[in-house]
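Student:
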Amino acid sequence: MSTTAPRKITRLRPRRTAQSPGRLLREIVEWIAASGFFLAGISSIVITAAIVFVLVYESLGFFREVSLVEFLTGTEWMPQFADPKYGILPLICGTLVTTAVALSVALPVGTIVAIYLSEFAPFFLREIVKPVLELLSAVPTVVYGYFALKFVAPLLQLVIPGLPTFNMLSAGLVMGIMIIPYVSSLSEDAMRSVPMLLREGSYALGGNRLWTSLRVVIPSAISGIGAAYILGISRAIGETMIVAIAAGMQPNFTLNPTQPAATITAYIVEVSLGDLPHASIGYASIFAAGFLLFCMTLVFNIGGQMLRRRYHQAY
Amino acid sequence: MPDVSQLIRYRKRQDLVFNLIGLACTLFGILALVVLLADLMIDGLPRLSWQFFTSWPSRFASRAGILPAWVGSLCVMSVTLVAAVPLGIAAAVYLEEYAPKNWLTALIEINIANLAGVPSIIYGLMALGIFYGAAELGLGLKRGILLAGVTLGLLVLPIVIVTTREALRSIPSTIREAAYAAGATKWQVVRYHLVPYSLGGIATGTIIAMSRAVGETAPLITIGALTFISYLPPSPIQSKSPFVSFEWLQSGFTVLPIQMFNWTSRPIADFQQNAAATGLVLIAFTLTMNAVAIVVRYRVRKKLKW
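Which chain is which? The protein sequence lines are A and B, in order. Letter by letter, the first sequence follows residues 0 to 314 of numbering that gives the first Met the number 0. Letter by letter, the second sequence follows residues 0 to 305 of numbering that gives the first Met the number 0.
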């Protein structure tokens, strides 16, 4: 095969675009756009930094007056008294009890709904039910608070005589209803991303739908379901208005859900409603409480994210 | 030898039982929503009237209304919209189209997921801290509509970012390649192709974000939204030159959920009715917005066939 050198291309017109002013302008526009998008991209980091800075800065003022040990181990929270006590355990207790009540509703119901919608329900039912269920998380929390105080609490009083109007049980139950879609939606997504092959293998071995769901689908989707649970927990810890309205605002060091008690969030609301001067220690205490709340949810959020990433990688 | 047909019957019964349990749990969720709505309607519907929408709050429950509350809600929402949507879209475009694969991008990703889970009251504390910081620096930032709107904007920013990213990701890369092949620059691809094609998804995300913001109460309580207010923010359009005024941004305000919270925490039964009526208005707002979002999403999905 004979090779001939390719003919040299001769340019008929001189190359112009590289020097044209239009090109320069376009490059400036490109640069502005790219840096604008970059700034928007890092804005989320700025927001987090601002949150952490404000919480730490204002809490420092608080911890100059109150020792960290007293704050974390004290069992009395009485900031308004002449001899104020700043032990956050009662508030943590309130938060944990309402969260536990909420989870005892949301986790079982949410999981069963997820299994049902993912494995059992016919297609049309799922398409209708899923958006309707998600409306549950769209209802404003203040409306839920009203519902807990005016409907659920009187209803529970019929069942449990002597139940106070403000109690953690009704607040927690309603909070659980609110969290159902968070749990069910994410869990269902995880279950549906389990490959059909695994289910078919189980059916071929004689498994019915229930066993396939419990023994094959759930173990395969477990990290996604775990992520759903953890995000649900984080929601419950940070929920404010329901507990502020229906659980009472008095700090109460008890694990009994039929008692009224304040949560960390409810305390912040209570102080914000009053008119404390900026320099006072009571004012600084809401930032310390908020910082603790932020750390608690941060742990759960990061844990949930890590689990979620794992299930995304799995298939 | 076990009786196989009996075993099969037993297993089928198991499935049937779980089917019923699952249906019951699903219905429980829906029933809760229905009961909630019914409860609000029974309490609040008699109070809903023209007078209720056009009256000021009052010491007398029967004369009180939600005029400043819904006006305040609209004002705060408009600020939130302006604060959250452009920023959210831009951040999403950066993450999907511009961001290199490095630690900074990974950090931003984790950060956004994390921000979505931060309790709303923490945003309120941040805004409060910023307000006092601004006061110390001598900036004239008031506890007004601007601060509230921006706070809620930051709160719903992750929602806008996530939905916009999903919309951008669903645009096939052939569209981008075709545009580049025709000589478009990156900005031109974003401006004339990617953003217009993802408008449906962006609209869905925006509506959902707004419906979340309109019902948000806790962060506005911490920055000190007023519960009893007898004036409206000054009008943005003035009769005198320069005809446009931004004074309303600094005005004190109240919003629907705060008004409802205030009435709920009063012991008198008549005020509870007002609270229920306000709740109905609020829920009508959010449910309508969510329904619209579902319809938009459905239509966009149906229309787009890449």
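Yeah, the Cβ is synthetic: ideal placement off N, Cα and C, and Gly gets one too. Given the structure is predicted, the values throughout are model-derived calculations rather than measurements.
Could you tell me the alpha carbon to alpha carbon distance between T285 of chain B and I20 of chain B, rounded to whole angstroms?
Tutor: 30 Å
Student: Taking I244 of chain A and G171 of chain A to be in contact with their CB atoms under 8 Å, please state how far apart those CB atoms are, rounded to whole angstroms.
Tutor: Not a contact, Cβ separation roughly 13 Å.
Student: Is L106 of chain A close to chain B, meaning its C-beta is less than 7 Å from at least one C-beta of that chain?
Tutor: no
Student: Use the C-beta contact count for G273 of chain A: other C-beta atoms within 10 angstroms, 16 or more gives buried, fewer gives exposed.
Tutor: exposed
Student: What does T296 of chain A touch in chain B if you count any residue whose Cβ is under 7 Å from its own?
Tutor: Listed by position along chain B, the residues whose Cβ is nearer than 7 Å to that of T296 of chain A are G116, V117 and P118.
Student: Alpha carbon to alpha carbon, how far is P153 of chain A from L35 of chain B?
Tutor: 14 Å
Student: Between which residues of its own chain and A265 of chain A is the CB-CB distance below 6 Å, once the five residues before and five after are set aside?
Tutor: Counting only Cβ-Cβ distances below 6 Å, and skipping sequence neighbours, we find V242, A243 and M248.
Student: Can at least three beta-carbon pairs, one atom from the region 1 to 15 of chain B and one from the region 78 to 96 of chain A, be found at a separation below 8 Å?
Tutor: Not touching, per the Cβ criterion.
Student: Can you tell me where the alpha helix (DSSP H) holding W55 of chain B begins and where it ends?
Tutor: Here W55 of chain B belongs to no alpha helix (DSSP H), and DSSP marks it neither H nor E.
Student: From the beta carbon of T257 of chain A, is the nearest beta carbon of chain B less than 7 Å away?
Tutor: no
Student: Under 7 Å, Cβ to Cβ, is there at least one residue of chain B near N207 of chain A?
Tutor: So yes, N207 of chain A belongs to the interface.
Student: List, in order along the chain, the chain B residues whose C-beta lies closer than 9 Å to that of E57 of chain A?
Tutor: L124, L127, G128 and Y131
Student: Taking C-alpha atoms, which residue in A:F61, A:V298, A:S42 and A:P218 lies nearest to G281 of chain A?
Tutor: A:F61
Student: Looking only at its chain, what residues have a beta carbon closer than 6 Å to the beta carbon of T205 of chain B, apart from the 5 residues adjacent to it on each side?
Tutor: V84
Student: Where does K84 of chain A sit, in a helix, a strand or coil, going by DSSP?
Tutor: strand
Student: Note down, in chain order, every chain B residue with its Cβ under 7 Å from the Cβ of V53 of chain A.
Tutor: L124, M125, G128 and I129
Student: List the endpoints of the continuous alpha helix (DSSP H) containing M349 of chain A.
Tutor: No statement about residue 349 of chain A is possible, as the shown extent of chain A runs from 0 to 314 and does not include it.
Student: Listing by chain order, which chain B residues have their CB less than 7 Å from the CB of G302 of chain A?
Tutor: None at all; the shortest Cβ gap to chain B is about 11 Å.
Student: Quick one: which chain A residues come within Cβ less than 7 Å of K301 of chain B?
Tutor: Those do not exist, as K301 of chain B stays about 13 Å from chain A at its closest Cβ, beyond 7 Å.
Student: Beta-carbon within less than 7 Å of G302 of chain A's beta-carbon, same chain only, minus the 5 sequence neighbours each way: which residues are those?
Tutor: I229
Student: Leaving out the 5 sequence neighbours to the left and right, which residues in its chain are closer than 6 Å to T125 of chain A when beta-carbon positions are compared?
Tutor: Residue identity check: residue 125 of chain A is Arg in the sequence provided, not Thr. L116.
Student: Of all the residues that make up the region 114 to 130 of chain A, which are near chain B by a beta-carbon distance shorter than 8 Å?
Tutor: I114, Y115, L116, F119, A120, V128 and P130
Student: Does DSSP put M174 of chain A in a helix, a strand or coil?
Tutor: helix
Student: Counting only runs of 4+ residues fully inside the region 248 to 300 of chain B, write out the alpha helix (DSSP H) ranges in chain order.
Tutor: Whole alpha helix (DSSP H) segments, 4+ residues: 255 to 263.
Student: Does the Cβ-Cβ distance between A60 of chain B and F260 of chain B come in under 7 Å?
Tutor: no
Student: Select from B:V291, B:P45 and B:I257 the residue whose C-alpha is nearest the C-alpha of P130 of chain A.
Tutor: It is B:V291.
Student: Is there a Cβ of chain B sitting closer than 7 Å to that of L315 of chain A, yes or no?
Tutor: Residue numbering for chain A in the displayed model covers 0 to 314; residue 315 of chain A lies beyond these limits and cannot be assessed.
Student: Should G148 of chain B and V75 of chain B be called a contact, given that it needs their Cβ atoms to be closer than 7 Å?
Tutor: yes
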